[in-house]
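Trainee:
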Amino acid sequence: MTLSERHKSILEMLRESGRVDVADLSARLKVSAVTIRKDLDLMEEKNLLYRTHGGAILADPYIATRKVSEKEKLHPEAKHRIGLKAVELLSPQDALMIASGTTVQAFARCIANMRMTVITSAMNVAMELLDKPDIEIIQLGGIIRHSSASVVSEYAVRMLDNFACSKLFLGVDGIDPEYGLSTTHLQEAILNRAMIAAATKTIVLADSSKFGRRGFSKICDMSDIDQVITDSGTPRKMIEAMQEQGVKVTVVELGE
Numbered sequence: 331m332t333l334s335e336r337h338k339s340i341l342e343m344l345r346e347s348g349r350v351d352v353a354d355l356s357a358r359l360k361v362s363a364v365t366i367r368k369d370l371d372l373m374e375e376k377n378l379l380y381r382t383h384g385g386a387i388l389a390d391p392y393i394a395t396r397k398v399s400e401k402e403k404l405h406p407e408a409k410h411r412i413g414l415k416a417v418e419l420l421s422p423q424d425a426l427m428i429a430s431g432t433t434v435q436a437f438a439r440c441i442a443n444m445r446m447t448v449i450t451s452a453m454n455v456a457m458e459l460l461d462k463p464d465i466e467i468i469q470l471g472g473i474i475r476h477s478s479a480s481v482v483s484e485y486a487v488r489m490l491d492n493f494a495c496s497k498l499f500l501g502v503d504g505i506d507p508e509y510g511l512s513t514t515h516l517q518e519a520i521l522n523r524a525m526i527a528a529a530t531k532t533i534v535l536a537d538s539s540k541f542g543r544r545g546f547s548k549i550c551d552m553s554d555i556d557q558v559i560t561d562s563g564t565p566r567k568m569i570e571a572m573q574e575q576g577v578k579v580t581v582v583e584l585g586e
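For our numbering, add 330 to where a residue sits in the sequence shown, where the first one is 1.
(1) By the 10 Å Cβ neighbour count, where 16 or more other Cβ atoms means buried, how is LEU446 classified, buried or exposed?
(2) Are the Cβ atoms of VAL487 and ALA524 separated by less than 7 Å?
(3) What residue range does the alpha helix (DSSP H) around ASP461 cover?
(4) Going by DSSP, what residues sit across from THR580 in a beta bridge?
(5) Would you kindly work out how many angstroms separate the C-alpha atoms of LYS548 and LEU511, rounded to a whole number?
(6) So, helix, strand or coil for MET572, using DSSP?
(7) Got a sec, what are the start and stop residues for the beta strand (DSSP E) MET444 sits in?
(8) Might you give, ordered along the chain, the residues of its own chain that have their beta carbon closer than 7 Å to the beta carbon of LYS409, omitting 5 neighbours on each side?
(9) Around the C-beta of GLU518, are 16 or more other C-beta atoms found within 10 angstroms, so that it is buried, or is it exposed?
(10) Identify, in the order they occur along the chain, each residue of the same chain with its Cβ nearer than 7 Å to the Cβ of GLU335, setting aside the five sequence neighbours on each side.
(11) Per DSSP, what kind of secondary structure is ASP503 in: helix, strand or coil?
(12) Taking a contact to mean a Cβ-Cβ separation below 7 Å, would you say ASN492 touches ALA429 in this structure?
(13) Beta-carbon within less than 6 Å of LYS531's beta-carbon, same chain only, minus the 5 sequence neighbours each way: which residues are those?
(14) Measuring only the C-alpha atoms, how far is LEU359 from ILE468?
(15) Taking the beta strand (DSSP E) that MET373 falls in, what are its first and last residues?
(16) Check whether chain D comes within 7 Å of LEU470, counting only Cβ atoms and requiring the distance to be less than that.
(17) Going by DSSP, what residue range makes up the alpha helix (DSSP H) through LEU379?
Here it is, written out as structure tokens:
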């Protein structure tokens, strides 16, 4: 197997599983571990992967903060289809919480006018619901994060002491079956944990680009959530790892 053939095979394995390790690659490609390490180093120099201890993953797992106006343009089809699937979980008279993020914003856009109560930390989510008069909106207060158009701080957390909701729809910056759920902002992670505590069921809405990624602040372990709705671009091994931890995973298909 030539150098280019090895690199092509490594990338195919990465796209399939999200990560590879040196020992497994050495056995499967029938070359030494030293050769594999050199291959991975060279591929990292070309920005084809990100080296980790003992292996590699497809992309740098550490997420930088982006403005909501930038994130809204990323993966719009996946977010819309995830939102449509999440709407199927709603019932009249529901009392929901919707956290911040462009995927949960897409979900809010898909909600039909019906009698329910929605508590949200996100101004853009509240704006999506304004023209639906039967939906009572409770906007959490606090300091507004300009990058996410959402509120944070202890004031928002204290407000949640007064509520108990049937479902929380949570957006995240990163999901890693080993590390858990994360965001780029410490105060937002604290608020998200308070939301999880106030909800009977937590449903995470995340497109496939969020998997294998880690934000600065951990929100919770995988075992703290009930369901994930994602798209068909999520690696199968990631889905299986979540299911093994008792999380229900719903996958929406994307168009060709």
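Glycine is no exception: its CB is placed at the ideal position from the N, C-alpha and C atoms.
Mentor: To lay it out plainly:
(1) According to the sequence displayed, residue 446 carries Met and not Leu. Answer is buried; the Cβ neighbour count reaches 16.
(2) It is a contact, given that the beta carbons lie within the stated cut-off.
(3) DSSP places ASP461 in no alpha helix (DSSP H); its state is neither H nor E.
(4) ILE559
(5) 6 Å
(6) helix
(7) Taken as a continuous stretch (DSSP letters only), MET444 belongs to no beta strand (DSSP E), as it is neither H nor E.
(8) THR432, THR433, ALA436, ASP537
(9) buried
(10) none
(11) coil
(12) no
(13) Excluding positions up to five away in sequence, the list reads LYS497, ASP556.
(14) 57 Å
(15) Note, MET373: premise wrong, no beta strand (DSSP E); alpha helix (DSSP H) at 363-375.
(16) Absent from the structure: chain D. Only one protein chain is present.
(17) Here LEU379 belongs to no alpha helix (DSSP H), and DSSP marks it neither H nor E.
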